[in-house]
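Shown next, in structure tokens, is the structure this report addresses.
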Ligand SMILES: [Zn+2]
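Residue numbers (the working numbering): -1 to 314.
This is the structure we're talking about:
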């Protein structure tokens, strides 16, 4: 078995104003870096599948989905619910991105692939059930978790999020759930903590979800040692949760040199995080792992970090 790779051309249809960091060139940078590292030819291409409206409605409120599509159709340049650019092709890009992640889940859950990396945009982990924000319109990784449960009958899914920023949307989607464990490392005080009031270590889930939410905010300047210590805690927690599928919200804006933040993870640090999460997948989930791009805004650094990540997926 092998590693799948999805990066739909339609993701480029989501355009942004000049100077915006979440730009189409991000995916080109990843493709070029995978090629330069000699990894591209070893990956199995994955094409997006259709995203059923019923699945979208399991994660997002129908009124919000209608609003987002109406604002795109009306030619608005920014989503009214939060800091997110829009263009005429944004919904097409969103469906391609989500559909690519669902295709990866299908391939991994059906045993056709060992694992997969989805280089998609716009990103998703800030998109809450009732509002898009933080460059995110629809939460791809949340859809993927629900899809794995509905289509493939899995009971327990882990979402491990090493993006620079707290994935408030993913936390919100599953906070009272218990069947999807959300784990996040992020830079303390960075977006969107002040806005949402979320992302603190004391937020552990509620009701049936109690114990299935784990935040490890890291101080500005933290790097490989600090983030790996947090992921070691995750590995311990997974001995109890025993996920049947592992999803990664792979944000490479936690890398040193990223313009949006102050964490200092190295490329080797991302390789080690990848090995740690692969080990969780091996121990509990038959190795089933799907990684989904979130942030990462220094084009060169994004490519190098993604290549270090994918090299480990191929070695698994
Ligand atoms: Zn981010």
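All C-beta atoms in this analysis are idealised placements derived from N, C-alpha and C, irrespective of residue type, glycine included.
Secondary structure at residue i, three-state DSSP: helix, strand or coil?
| i | result |
| --- | --- |
| residue 26 | helix |
| residue 15 | coil |
| residue 265 | helix |
| residue 62 | helix |
| residue 237 | helix |
| residue 20 | coil |
| residue 150 | helix |
| residue 177 | coil |
| residue 114 | strand |
| residue 258 | coil |
| residue 76 | strand |
| residue 42 | strand |
| residue 211 | strand |
| residue 83 | strand |
Classify residue i as buried or exposed, calling it buried when 16 or more other Cβ atoms lie within 10 Å of its own Cβ.
| i | result |
| --- | --- |
| residue 71 | exposed |
| residue 269 | buried |
| residue 59 | exposed |
| residue 78 | exposed |
| residue 222 | buried |
| residue 198 | exposed |
| residue 121 | buried |
| residue 55 | exposed |
| residue 108 | exposed |
| residue 306 | buried |
| residue 193 | exposed |
| residue 51 | exposed |
| residue 69 | buried |
| residue 170 | buried |
With distances taken between CB atoms, is the gap from residue i to residue j smaller than 8 angstroms?
| i | j | result |
| --- | --- | --- |
| residue 225 | residue 290 | no |
| residue 218 | residue 117 | no |
| residue 236 | residue 156 | yes |
| residue 113 | residue 285 | yes |
| residue 144 | residue 57 | yes |
| residue 261 | residue 185 | yes |
| residue 161 | residue 251 | yes |
| residue 24 | residue 297 | yes |
| residue 138 | residue 167 | no |
| residue 141 | residue 96 | yes |
| residue 111 | residue 243 | no |
| residue 253 | residue 294 | yes |
| residue 29 | residue 94 | no |
Rounded C-beta distance between residue i and residue j? I'm assuming under 8 angstroms.
| i | j | result |
| --- | --- | --- |
| residue 46 | residue 10 | In fact, because the Cβ distance is near 14 angstroms, the residues do not count as touching under 8 angstroms. |
| residue 175 | residue 207 | 5 angstroms |
| residue 21 | residue 312 | In fact, because the Cβ distance is near 27 angstroms, the residues do not count as touching under 8 angstroms. |
| residue 190 | residue 132 | 6 angstroms |
| residue 158 | residue 181 | 5 angstroms |
Just grab the DSSP bridge partners of residue i for me.
| i | result |
| --- | --- |
| residue 247 | 159, 290 |
| residue 253 | 263 |
| residue 4 | 116 |
| residue 185 | 216 |
| residue 126 | 129 |
| residue 221 | 262 |
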